[in-house]
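K.L.:
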Amino acid sequence: MSHHNTPVDIHDEENYDPTVWVPKAHSHGTKGLWKTFWVLLALTIADVILYFTMPPSMGRNVLFIFLGVVKAAFIVYSFMHLTFEHKGLKMSIVLPMIFVVYLIAFMLKEASFWNYLNW
Amino acid sequence: MSNNAVSTTSTWAGGKSPFKVSYGKLMMWFFLLSDAFTFSSLLVGYGAVRYSFPSADEAMMEQVRQDIPFGTDVHHMFEHTEGGFVGHMVNEGVFAETHWPAPELVFNHFPGHHLHWPLMFVSLMTLILILSSVTMVLAVEAGQRMEKKKVELYMLLTIIGGFMFLGCQAWEWTKFIGEGAKLYTNPFGPVTFAALFFLVTGFHGFHVLSGVVINIVIYINTILGTYEKRGHYEMVEKTGLYWHFVDLVWVFVFTFFYLI
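Protein chains in written order, with my numbering: chain U, 1 to 119; chain P, 1001 to 1260.
1) Could you check the C-alpha separation between P:His1114 and U:Phe99 for me, to the nearest Å?
2) Hey, how far is the Cα of U:Thr30 from the Cα of P:Pro1101?
3) Using the Cβ count rule (16 or more neighbours within 10 Å means buried), how would you classify P:Ser1010?
4) Decide yes or no for the touch test of the segment 1196-1206 of chain P against the segment 1236-1256 of chain P: beta carbon pairs closer than 8 Å, at least 3 of them.
5) Kindly indicate the opening and closing residues of the alpha helix (DSSP H) around P:Asn1091.
6) According to DSSP, is P:Trp1012 helix, strand or coil?
7) Quick one: give me the first and last residue of the alpha helix (DSSP H) that P:Asn1215 is part of.
8) What are the residues that DSSP puts in a beta bridge with U:Trp38?
9) Counting contacts by CB-CB distance shorter than 8 Å, is P:Met1001 in contact with chain U?
10) Tell me which same chain residues have a C-beta within less than 6 Å of the C-beta of P:Ile1068, skipping the five on either side of it?
11) In chain P, which residues lie with their C-beta within 7 Å of the C-beta of U:Ala105?
12) Pairing CB atoms from the segment 1235-1245 of chain P with CB atoms from the segment 75-92 of chain U, are three or more of them under 8 Å?
13) Who are P:Phe1110's beta bridge partners in DSSP?
14) Can you give me the C-alpha to C-alpha distance between P:Val1021 and P:Glu1237, rounded to a whole angstrom?
15) Hey, is U:Phe84's beta-carbon within less than 8 Å of any beta-carbon in chain P?
16) Thinking just about the alpha-carbon of each residue, which of P:Phe1121, P:Glu1104 and P:Pro1103 is nearest to the one in P:Phe1110?
17) What runs of the alpha helix (DSSP H), each 4 residues or longer, lie entirely inside the segment 1117-1168 of chain P?
18) Straight-line CA distance for P:Tyr1258 to P:Glu1172?
19) What would DSSP say about P:His1244, mapped onto helix, strand or coil?
20) One question on the structure: do P:Ser1133 and U:Phe79 come within less than 8 Å of each other, judged by their Cβ atoms?
21) Report the rounded CA-to-CA distance for P:Ile1260 versus U:Phe66, giving the unit in angstroms.
22) Hey, quick one: how far does the alpha helix (DSSP H) through U:Ser92 stretch, first residue to last?
23) I need the straight-line Cα distance from P:Leu1026 to P:Gln1169, nearest angstrom please.
24) Which residues in the same chain have their Cβ closer than 7 Å to the Cβ of P:Glu1094, if we skip the five residues on either side of it in sequence?
25) Please name the residues in the segment 1041-1052 of chain P whose beta-carbon is closer than 9 Å to at least one beta-carbon of chain U, in chain order.
26) Is there a Cβ from chain U that is less than 8 Å from the Cβ of P:Gln1169?
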């Protein structure tokens, strides 16, 4: 660890000081970011068109949620740069989402009993 | 060998960052993961309550769409009906406590006129938030190239976008409340419809508000040259993560409240 009287090299991987250490930043350009913008815009327009052209059904809801997940994936991987992060960080963020899938499955089963409650 | 020397041979033995990421950024990611769970609970809970009620009858909805096509001046059309457009829908049984209202008949206002423009205003709000996400990520990118002036410009645009979104939400809430929507009652359908709308869009809106406040702090620090002196603009990236997350949540609020 660096001695405190000498200036700390914030990018030093050999003499690592966790309070200041930060990896060297690299720009990945703006082309991919604009592509993500157009994808998000197109999917949102598709949402609104589907709402008015497709009769309501559970299948349509699943389609809306699927399009939402696609939009979320573009935001996380492109805007939030997750695609450029370490594999371990990617897995730490993406894998726990299984709990949300579990919650949905749980509620689909349990909520059918809510019809018997008067609220 | 100094006393502080630690093994750097193994990933998890200390002495280096296992994920090659700074402490602050890692914690921001984990915070956002926990916040994702919070919003998932709210939205999945909304879905469960929503589908413990039937939807509006489709034949009835077809009739409404024929009678009131896109662009109808609803103010003029229901001038002499008590309660106007909403009152008419209640009289016709299109809005009733027994079924969930179709979002196109609830969210059909647009500033500046009384025309029936279903879902157009919320689409505009979505566009504003996506655009502010783009300016945010451009600020992050400029920071990676240490371009102070560009960071300042894009942070300012992001803050303006945030205020525009909050203004839109305030306008929409005002309209909604003015039509009789409260936490304990609403003319559109089940009590939980408006209650959950206020709870979830309010919780998201408060995230946007805190995001704008944090962005203003980062903007001021950028102007003062704090990050220039520090040698990196990672604070911009960290606040950017939060801002993009708020945009991500809006994607699902839009899906659940305005489409489903």
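The beta-carbon is built from N, C-alpha and C at its ideal position, and this holds for glycine as well.
P.N.:
On the basis of the coordinates in this document:
1) For the purposes of this step, residue 1114 of chain P is taken as residue 114 along the second sequence, with counting starting at 1. For the purposes of this step, residue 99 of chain U is taken as residue 99 along the first sequence, with counting starting at 1. Distance between P:His1114 and U:Phe99, taken at the CA atoms: about 44 Å.
2) As a working mapping, residue 30 of chain U is identified with position 30 in the first sequence. As a working mapping, residue 1101 of chain P is identified with position 101 in the second sequence. Put simply, the backbone Cα of U:Thr30 is about 42 Å away from that of P:Pro1101.
3) Numbered from 1 along the second sequence, position 10 holds the residue referred to as residue 1010 of chain P. P:Ser1010 comes out exposed.
4) With a cut-off of 8 Å, the segment 1236-1256 of chain P and the segment 1196-1206 of chain P count as touching, because enough Cβ pairs lie within range.
5) Translated into the one-based positions of the second sequence, residue 1091 of chain P becomes position 91. Residue range Gly1084 to Asn1091 is occupied by the alpha helix (DSSP H) that includes P:Asn1091.
6) Within the second sequence, residue 1012 of chain P is the residue found at index 12, counting from 1. Here P:Trp1012 carries a coil assignment [DSSP, helix/strand/coil].
7) Indexing the second sequence from 1 puts residue 1215 of chain P at position 215. Bounds of the alpha helix (DSSP H) holding P:Asn1215 are Val1191 to Leu1224.
8) As a working mapping, residue 38 of chain U is identified with position 38 in the first sequence. Its beta-bridge partners do not exist; DSSP assigns none.
9) For this step, residue 1001 of chain P is matched to residue 1 along the second sequence. Unreliable placement is indicated for P:Met1001, whose pLDDT of 41 sits below 50; the coordinate value is still reported in the next sentence. For P:Met1001, the answer is no, since every Cβ of chain U falls outside 8 Å of its Cβ.
10) For the purposes of this step, residue 1068 of chain P is identified with residue 68 of the second sequence, where counting begins at 1. Answer for P:Ile1068: His1116, listed in chain order.
11) The count along the first sequence starts at 1 and reaches residue 105 of chain U at position 105. Proximity of chain P to U:Ala105 at the Cβ level (cut-off 7 Å) is not reached, the minimal Cβ distance being about 10 Å.
12) With three or more CB-CB distances shorter than 8 Å, the segment 1235-1245 of chain P counts as touching the segment 75-92 of chain U.
13) Taking the first residue of the second sequence as position 1, residue 1110 of chain P is located at position 110. P:Phe1110 pairs with P:His1113.
14) Here the question's residue 1021 of chain P lines up with position 21 in the second sequence. Here the question's residue 1237 of chain P lines up with position 237 in the second sequence. Each residue's Cα considered, the two are about 12 Å apart.
15) Reading the first sequence from its first residue, position 84 is the one you call residue 84 of chain U. False, the Cβ-Cβ gap to chain P never drops below 8 Å.
16) Counted from its first residue, the second sequence places residue 1110 of chain P at position 110. Of P:Phe1121, P:Glu1104 and P:Pro1103, the residue nearest in Cα terms is P:Phe1121.
17) Taken in chain order, the whole alpha helix (DSSP H) runs of length 4 or more contained in the segment 1117-1168 of chain P are 1120-1144.
18) As a first step, residue 1258 of chain P is located in the second sequence; it is residue number 258 there, counting from the start. As a first step, residue 1172 of chain P is located in the second sequence; it is residue number 172 there, counting from the start. Computed Cα separation, rounded: 13 Å.
19) Indexing the second sequence from 1 puts residue 1244 of chain P at position 244. Of the three classes helix, strand and coil, the one that applies to P:His1244 here is helix, per DSSP.
20) In the second sequence, counting from the first residue as 1, residue 1133 of chain P sits at position 133. In the first sequence, counting from the first residue as 1, residue 79 of chain U sits at position 79. A Cβ-Cβ contact shorter than 8 Å links P:Ser1133 with U:Phe79.
21) Counting from one through the second sequence, the residue named residue 1260 of chain P turns up at place 260. Counting from one through the first sequence, the residue named residue 66 of chain U turns up at place 66. If I take the Cα positions, the gap works out to 12 Å.
22) Locating residue 92 of chain U in the first sequence gives position 92, where the first residue counts as 1. For U:Ser92, the enclosing alpha helix (DSSP H) starts and ends at Lys87 to Val94.
23) The residue labelled residue 1026 of chain P in the question sits at position 26 within the second sequence. The residue labelled residue 1169 of chain P in the question sits at position 169 within the second sequence. Looking at the two C-alpha atoms, the distance is approximately 31 Å.
24) On the second sequence, position 94 is the one that residue 1094 of chain P refers to. In the sequence as presented, Glu is not what sits at residue 1094 of chain P; that position holds Val. Listed in chain order, the non-local C-beta contacts of P:Val1094 below 7 Å within the same chain comprise Ala1056, Met1060, Val1064 and Leu1105, local neighbours out to five positions each way being set aside.
25) Look at the segment 1041-1052 of chain P: the residues with a C-beta under 9 Å from a C-beta of chain U are Ser1041, Val1044, Gly1045, Gly1047, Ala1048, Val1049, Tyr1051 and Ser1052.
26) Translated into positions along the second sequence, residue 1169 of chain P becomes position 169. P:Gln1169 does not count as touching chain U.
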